[in-house]
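K.L.:
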Amino acid sequence: MSVSTGEIDVMVSEVGPRDGLQSVARTMPTAVKHRWIAALAQAGLREIEVGSFVSPKRLPQMGDVAEVVQRAVQLPGVSVLALVPNLKGAERAIAAGTPKLTMPPSASHAHSLANIGMTTEAAITEVGRVCALRDSLPAGRRPHIEVGISTAFGCTIEGPVSEDWVIRMAVMLADAGADTVGLSDTTGYGNPAQVRRMFTRLRQELGGKAGGAHFHNTRGQGLANVVAALEAGVTTFDSSQGGLGGCPYAPGATGNIVTEDLVFMLEAMGLRTGIDMARLLAARALVAEGLPGEPLYGHVAEAGLPRGFAPAAARMAA
Ligand code: ZN
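Structural data, given as structure tokens:
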């Protein structure tokens with residue numbers, strides 16, 4: 016297996032096996048999930064969100080998450096993440112040996128109730144409880160806890176979300192013990208000016224605890240928002256292979272930004288991701304195999320790589 020270990024400038028965190036698969040009606044067979052995640056690792060993805068510890072009654076697509084985590088942690092060079100909505104999910108994730116947990120409290124009250132069945136205030140308290148659980152574990156068994164504030168750029172139910180509130184909430188979550196706090200455009204409402212402003216404020220307030228960006232491409236702003244976040248100093252971006260994804264509780268929110276297009280843009284801009292474009296494009300075949308007929312998005316996959324395309328690392332060495 017070839018795993019790139021060189022230096023990178025930007026971390027691309029693949030969320031397709033979680034954000035993507037939970038929003039499509041059909042369930043990808045567990046064996047194909049394993050092969051897909053392994054192919055993403057072979058392509059050089061260094062962080063993969065492999066599933067969600069939610070109630071399998073609520074999201075049957077995630078019923079095999081413990082098994083998927085246990086296989087994924089054996090892949091060399093990959094940081095394995097799973098989403099946990101609450102303390103119960105965190106307990107299950109920790110029991111399965113998940114090294115990194117991600118929690119999605121919503122800035123919007125209505126989305127919080129719809130998505131995780133608790134108020135925003137309760138969700139912030141819940142992050143504190145999960146951090147307390149982490150702190151009670153022996154050193155070496157404590158998972159990393161990242162938080163991504165959902166609906167940080169607007170909500171399909173409530174509309175605009177106060178920027179001041181999002182930043183205050185980020186500070187509360189960092190104080191509650193989260194290792195990092197990032198911002199998620201769950202609904203695809205964000206625009207580049209807003210993204211630059213919000214991440215600049217986030218980084219001013221949280222310093223080293225400021226986390227990454229999670230964008231959806233619902234209104235075609237995804238990659239423009241990435242560039243704006245890069246300008247604000249963000250170096251971690253979530254994306255989904257083939258643009259799978261959305262949010263079952265944010266009506267009209269379509270897929271995540273497309274990993275293939277994101278990696279192409281970053282590499283073309285001279286920013287190293289450690290990801291091999293050809294292998295990444297080839298991994299799409301596994302999504303097609305596991306979810307026959309499901310639409311896959313992506314401009315680079317459709318148009319192909321430009322003639323003479325060279326990744327950032329190759330151009331630096333030249
Ligand atoms: Zn999302």
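Residue numbering for the sequence shown follows my numbering, beginning at 16 and increasing consecutively.
Glycine included, each C-beta is placed from N, C-alpha and C at the ideal position.
As an exercise, report each continuous alpha helix (DSSP H) stretch of at least 4 residues that is fully enclosed by the stretch 271-304, in chain order.
P.N.:
Qualifying alpha helix (DSSP H) stretches, in chain order: 274-283, 292-297.
K.L.:
Within 10 angstroms of the Cβ of Lys224, are there 16 or more other Cβ atoms? Answer buried if so, exposed if not.
P.N.:
Under this definition Lys224 is a buried residue.
K.L.:
Note the first and the last residue of the continuous alpha helix (DSSP H) segment covering His15.
P.N.:
The displayed coordinates of the chain run from 16 to 333. Any statement about residue 15 would go beyond what the structure contains.
K.L.:
Taking 8 Å as the threshold (beta carbon to beta carbon), is Gly155 in contact with chain D?
P.N.:
Looking for chain D here will not work: only one protein chain is present.
K.L.:
Mind the definition here: the stretch 48-64 touches the stretch 88-100 only if three or more C-beta pairs lie below 8 Å; say whether that holds.
P.N.:
With a cut-off of 8 Å, the stretch 88-100 and the stretch 48-64 count as touching, because enough Cβ pairs lie within range.
K.L.:
Mind reading off the beta-carbon distance from Val210 to Ala185? Whole number of angstroms is fine, and I expect it under 8 Å.
P.N.:
Contact flag wrong, Cβ pair sits at about 14 Å.
K.L.:
Expressed to the nearest angstrom, what Euclidean distance is found between the alpha-carbon atoms of Gly155 and Thr117?
P.N.:
Cα to Cα, the separation comes out at about 18 Å.
K.L.:
Could you please give me the residues that DSSP links to Cys170 through a beta bridge?
P.N.:
Looking at the DSSP assignment, Cys170 forms a beta bridge with Gly174.
K.L.:
What number of angstroms, rounded off, separates the C-alpha of Gly323 from the C-alpha of Ala283?
P.N.:
Approximately 11 Å, taken between the alpha carbons.
K.L.:
Three or more C-beta pairs closer than 8 Å, one from the stretch 251-260 and one from the stretch 304-311: is that the case here?
P.N.:
Touching, per the Cβ criterion.
K.L.:
Indicate the three-state DSSP secondary structure (helix, strand or coil) for Gly223 in the structure shown.
P.N.:
Gly223 falls in the helix class under three-state DSSP.
K.L.:
For His124, report the span of its alpha helix (DSSP H) as first-last.
P.N.:
Run containing His124: 124-131, per the alpha helix (DSSP H) assignment.
K.L.:
Shorter than 7 Å, the distance from the beta carbon of Thr135 to the closest heavy atom of the ligand ZN, or not?
P.N.:
Checking every heavy atom of the ligand ZN against the Cβ of Thr135, none is found closer than 7 Å.
K.L.:
DSSP on Lys72, reduced to helix/strand/coil?
P.N.:
Of the three classes helix, strand and coil, the one that applies to Lys72 here is coil, per DSSP.
K.L.:
Suppose you measure from the CA of Ile272 to the CA of Met331; what does that come to, to the nearest Å?
P.N.:
Each residue's alpha carbon lies about 27 Å from the other.
K.L.:
What residues are listed by DSSP as bridge partners for Met77?
P.N.:
The partner list for Met77 (beta bridge, DSSP) is empty, contrary to what the question assumes.
K.L.:
Identify the residues that DSSP records as bridge partners of Ala5: which are they?
P.N.:
Outside the displayed range of the chain (16 to 333) lies residue 5, so it cannot be described from this structure.
K.L.:
Considering only the alpha carbon of each residue, which of Met292, Gly104, Val162 lies closest to Gly78?
P.N.:
Ranking the options by Cα distance to Gly78, first place goes to Gly104.
K.L.:
Alpha carbons only, please: which of Gly132, Ala228, Gly92, Asp194 is nearest the one belonging to Ala53?
P.N.:
Considering only alpha carbons, the answer is Gly92.
K.L.:
Tell me, please, whether the stretch 215-222 touches the stretch 168-186 by the rule of three or more beta-carbon pairs shorter than 8 Å.
P.N.:
Yes, they touch.
K.L.:
So what's Glu161 in DSSP terms, helix, strand or just coil?
P.N.:
Strand.
K.L.:
If you draw a straight line from the C-alpha of Gln37 to the C-alpha of Asp150, how long is it?
P.N.:
If you take the alpha carbons of Gln37 and Asp150, they lie about 30 Å apart.
K.L.:
Taking the CB atoms as reference points, tell me whether Val335 and Thr201 lie closer together than 8 Å.
P.N.:
The first residue shown for the chain is 16 and the last is 333, placing residue 335 beyond what the model contains.
K.L.:
Pull up the DSSP beta-bridge partners for Glu64, would you.
P.N.:
Beta-bridge pairing links Glu64 to Leu96.
K.L.:
Which residue's Cα is closest to the Cα of Ala56: Asp190, Phe68, Gln89?
P.N.:
Checked all of Asp190, Phe68, Gln89; the closest Cα to Ala56 is Gln89.
K.L.:
With DSSP as the reference, please indicate the residues paired to Gly197 in a beta bridge.
P.N.:
Per DSSP, Gly163.
K.L.:
Beta carbon of Gly258: closer than 7 Å to some heavy atom of the ligand ZN?
P.N.:
Flag unset: Cβ of Gly258 not near the ligand ZN.
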